[in-house]
Amino acid sequence: MKVLVINAGSSSLKYQLMDPDTEEVFAKGLCERIGIDGRLTHKVPATDGKYEFEIAMPTHAEAIQAVLDALTSPEHGVIKSMDEIDAVGHRVVHGGEKFACSVKIDQAVMDALEECIPLAPLHNPANITGIRACQNVMPNVPMVGVFDTAFHQTMPAKSYIYALPYEYYENDKVRRYGFHGTSHKYVAGRAAAMLGCPIEELKIITCHLGNGSSVSAVDSGKSVDTSMGFTPLAGVPMGTRSGDLDAGILEYLMNKYGYDMKKMMNVLNKESGVLGISGVSSDFRDIETAAEQGNQRAALALEAFQYSVKKLVGAYAAAMGGVDAIVFTAGVGENDGNTRMAIASGLEFMGVKMDAQANNVRGKEAVISAADSKVKVLLIPTNEELMIARDTAEIVGK
């Protein structure tokens with residue numbers, strides 16, 4: 012069975028064409044810097060082929076078209092036409108209260124996704140664009156939506172409730188939902204396998220760090236707390252998102268500058284985070300380069316991000332009554348050794364001891380803590396695509 016997995020993020024789009032049963036990957040790739048300039052990396056594992064293209068990607072629509080062109084290219088494609096694809100699995104960020112599990116996509120689902128755009132204004136439009144682009148090219152191929160919120164449905168009420176009048180939860184379902192659930196679930200499972208211990212016996216803190224970032228507390232294989240909230244705007248500072256802040260700031264700025272709520276939310280979602288602090292870029296690589304060149308605001312942006320993640324690691328260890336492993340994943344977590352070291356350093360009091368040499372690694376599974384560290388620190392590349400493909404195959408099979 013060939014399943015195409017589309018994983019559209021706020022500024023990137025990952026894809027894989029794979030067989031979820033054998034886990035064979037026919038082709039995979041990454042569109043990145045969407046909305047900045049545009050770069051496509053397309054890989055064919057069977058031939059070790061790697062192809063890189065600079066393609067203008069002002070929106071996700073152009074990124075999807077670039078993916079489809081790469082898959083069917085006579086030079087580096089792996090299929091003759093999109094008819095060879097049996098199903099498409101789409102990562103969908105927010106389903107609100109409407110979707111607590113993966114579903115086959117029909118018009119009613121699409122309508123519901125449209126209604127959820129205010130909950131995830133950076134992501135749901137990208138997800139919807141990906142679905143529609145694929146539907147236009149493959150109108151008869153079944154498609155499945157896999158939701159980021161599902162893994163976090165195990166959170167206890169004390170974790171997800173907000174200190175607002177309770178009727179807002181009862182009537183409007185205003186609560187913490189959490190995101191990146193597919194990623195947190197995958198890396199927690201892989202951590203247990205790497206440590207050779209049943210996940211039911213482990214307390215794990217998973218750090219999904221990228222343009223969008225979240226940290227989760229996973230106790231006995233279940234999410235018990237996570238940093239993102241009602242929307243993906245909450246938590247640590249991200250590429251363009253503010254993360255947590257005093258809600259009174261909104262009233263202050265709106266009154267002073269005459270902003271309406273739409274303008275204010277645009278500031279929080281698209282002009283804030285490390286972009287807002289640094290004034291350089293939403294791409295952590297650009298910010299690191301600027302910091303190395305002496306840009307103090309860029310250095311501050313990195314420090315603020317790292318400090319915010321470190322605080323959550325300590326908080327979640329306290330919430331779970333201990334921690335056995337800390338996992339770093341996603342674009343920044345997998346590739347930025349400096350950021351991993353900055354976050355994990357200074358946690359010796361809770362049993363963390365890093366190994367600088369072991370931490371000098373990118374994009375592959377590794378234990379990066381010292382051999383005598385009581386708390387193991389792991390680098391685990393996420394594989395949301397495999398999780399999405401498995402869900403897709405199961406639902407289409409039904």
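In the numbering used here, the protein residues as written are 12 to 409.
Backbone N, C-alpha and C fix where the C-beta goes; we use that ideal spot for every residue, glycine too.
Alpha helix (DSSP H) containing T242: first to last residue?
Looking at the DSSP string, T242 is not in any alpha helix (DSSP H), and its letter there is neither H nor E.
Extent of the continuous alpha helix (DSSP H) to which D402 belongs:
E395 to G408
What number of angstroms, rounded off, separates the C-alpha of H101 from the C-alpha of S293?
25 angstroms
Label I260 either buried or exposed according to how many other C-beta atoms from any shown protein chain fall within 10 Å of its C-beta, with 16 as the threshold for buried.
exposed
Determine the contact status of I75 and A202, defining contact as a CB-CB distance below 8 angstroms.
no
From Q368, A330, G333 and F295, pick the residue whose C-alpha is nearest to that of A315; which is it?
F295
List the residues that DSSP assigns as beta-bridge partners of I215.
Beta-bridge partners assigned by DSSP to I215: V229 and A336.
Taking S224 as part of the alpha helix (DSSP H), name the residues at either end of that continuous run.
Here S224 belongs to no alpha helix (DSSP H), and DSSP marks it neither H nor E.
Name the residue from G250, K273, G254 and K267 whose alpha carbon lies nearest to the alpha carbon of F291.
The sequence given here has Val at residue 291, not Phe. Looking at the Cα atoms, G250 is the closest of the given residues.
For I354, which of K54, E303, L244 and T217 has the nearest alpha-carbon?
T217
What residue range is occupied by the uninterrupted beta strand (DSSP E) comprising T165?
Premise fails: T165 is in no beta strand (DSSP E) and is neither H nor E.
Please classify S92 as buried or exposed, where buried requires at least 16 other C-beta atoms within 10 Å of its C-beta.
exposed
What span of residues does the beta strand (DSSP E) with S23 cover, start to end?
S23 to M29
Buried or exposed (CB count within 10 angstroms, at least 16 for buried), R401
buried
What are the boundary residues of the beta strand (DSSP E) that includes G100?
A98 to V103
Could you tell me the boundaries of the alpha helix (DSSP H) in which I142 lies?
N135 to V148
May I ask you to verify whether the segment 231–244 touches the segment 129–141, counting CB pairs closer than 8 angstroms and requiring at least 3?
yes
Start and end of the beta strand (DSSP E) containing G200?
Where G200 is concerned, there is no enclosing beta strand (DSSP E), although the alpha helix (DSSP H) it sits in stretches over G192 to L206.
Which of the three DSSP states is assigned to R50 in this structure?
If DSSP states are grouped into helix, strand and coil, R50 belongs with the strands.
If you compare alpha carbons, which of G333, G223, K322 and S253 is closest to A19?
G223
Can you confirm whether the segment 186–194 touches the segment 229–241 when touching is taken to mean that 3 or more C-beta pairs between the two stretches lie within less than 8 angstroms?
yes
Can you grab the Cα-Cα spacing for the pair E63 / P85, in whole Å?
16 angstroms
Leaving out five residues before and five after G325 in sequence, what residues of the same chain have Cβ atoms less than 8 angstroms from its Cβ?
L358 and M361
Using DSSP with H/G/I as helix, E/B as strand and the rest coil, what is L41?
strand
Roughly how far, in whole angstroms, is the beta-carbon of V103 from the beta-carbon of N138, given that I think they are within contact range, below 8 angstroms?
5 angstroms
Excluding the five sequence neighbours on either side, which residues of its own chain have a C-beta within less than 8 angstroms of the C-beta of A67, listed in chain order?
D48, G49 and E73
R252 burial status per 10 Å Cβ neighbour count (16 or more: buried):
buried
Among L15, R308, A111 and P150, whose alpha-carbon lies nearest the alpha-carbon of Q118?
Checking every option, the nearest Cα to that of Q118 belongs to P150.
Exposure label - N266; buried when at least 16 CB within 10 Å:
exposed
Does the segment 23–37 come close enough to the segment 308–322 to have 3 or more Cβ pairs within less than 8 angstroms?
no
When V198, A57 and G207 are compared against I215, the one with the closest alpha-carbon
Among V198, A57 and G207, the Cα nearest to that of I215 is on V198.
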